[in-house]
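Single-structure report; data block below.
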């Protein structure tokens, strides 16, 4: 018996549904389903691992917080910004580019003095310590002191300790803390100032000293959803970053999870 017209229509509809389901499963996620994150370079290892646990599609651009904030101001499409200091988050907040009601202080960090692993020796970082003498004419690698957060913290610490003026001319300014770390790891600079989390991520360097916490402003990483975010998943992703599930990924790299 030949199938009647209604049966054929039902069969065709079922076939179309199957085809659409298969197509949907292989097509990339829509812009609303993705989360695009602009994050401080120092977060790369921890955030990459946390994102694997999140299990949804996340695209991350890593750079100095200053560069990312300027890109966001210029209209770069992003859903979430994680800064390595409060200043650059405030910069975007003042320009109404951040949703203030979901902004949170996510992580804390420390700055350390590093040297190439094969030449580094522990030293006491205290007021008036002879950093210029230790450099022996070489370069002190650090983030750009007037814009990159790690560089700003480093400059503040050296000023508080009374040694900035003696090493200022020897500073090799880098575009990000990871770039400064690379200069030391490759042996192109005898010392560098980086976050302790970056030092832990590079086997080519040794931490020779940790800067006193009262020598610089508190190192705080704020996070917020951006005003122009189009992602339906941004709020859920932000909740994940603040959750107990994500905390171990940050703590493993040396961050302090702020409650």
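Residue numbers (mature numbering (1 follows the signal peptide of the UniProt record, and there is no 0)): -31 to -1, 1 to 228.
Built from N, CA and C at the ideal position, the CB exists for glycine as well.
A quick note: this is a predicted structure, and the numbers were derived from the prediction, not measured.
Please state whether the Cβ-Cβ distance between residue i and residue j is less than 9 angstroms.
i	j	result
residue 99	residue 178	no
residue 142	residue 120	yes
residue 42	residue 60	yes
residue 3	residue 28	yes
residue 73	residue 187	no
residue 168	residue 150	yes
Does DSSP classify residue i as helix, strand or coil?
i	result
residue 94	coil
residue 77	strand
residue 85	strand
residue 117	coil
residue 19	helix
residue 109	strand
residue 221	helix
residue -3	Summary for residue -3: the model assigns pLDDT 48, below 50, so the residue's position carries little reliability, and this model does not support an answer.
residue 33	coil
residue 27	strand
residue 140	strand
residue 227	coil
Please identify the residue among the options whose C-alpha is closest to the C-alpha of residue i.
i	options	result
residue 181	115, 126, 49	126
residue 55	122, 155, 137, 199	122
residue 10	113, 52, 203	52
residue 5	24, 203, 216, 102	203
residue 198	14, 29, 66	66
residue 83	147, 12, 221	147
residue 201	189, 21, 26	26
Given the structure, does residue i come close to the ligand GDP, in the sense that its CB is under 8 angstroms from one of the ligand's heavy atoms?
i	result
residue 106	The model depicted lacks the ligand GDP and carries no ligand whatsoever.
Unbroken beta strand (DSSP E) runs of length 3 or more, entirely within the stretch 142 to 219: which are they? 160 to 164, 174 to 179, 189 to 194
Taking only runs of the alpha helix (DSSP H) that begin and end inside the stretch 38 to 72, which ones reach a length of at least 4 residues, in chain order? 55 to 63
Whether or not the stretch 150 to 164 and the stretch 106 to 121 are in contact is what I'm after, with contact meaning three or more pairs of Cβ atoms, one per stretch, closer than 8 angstroms; do they touch? yes
Are three or more beta carbon pairs between the stretch 43 to 50 and the stretch 126 to 140 nearer than 8 angstroms? no
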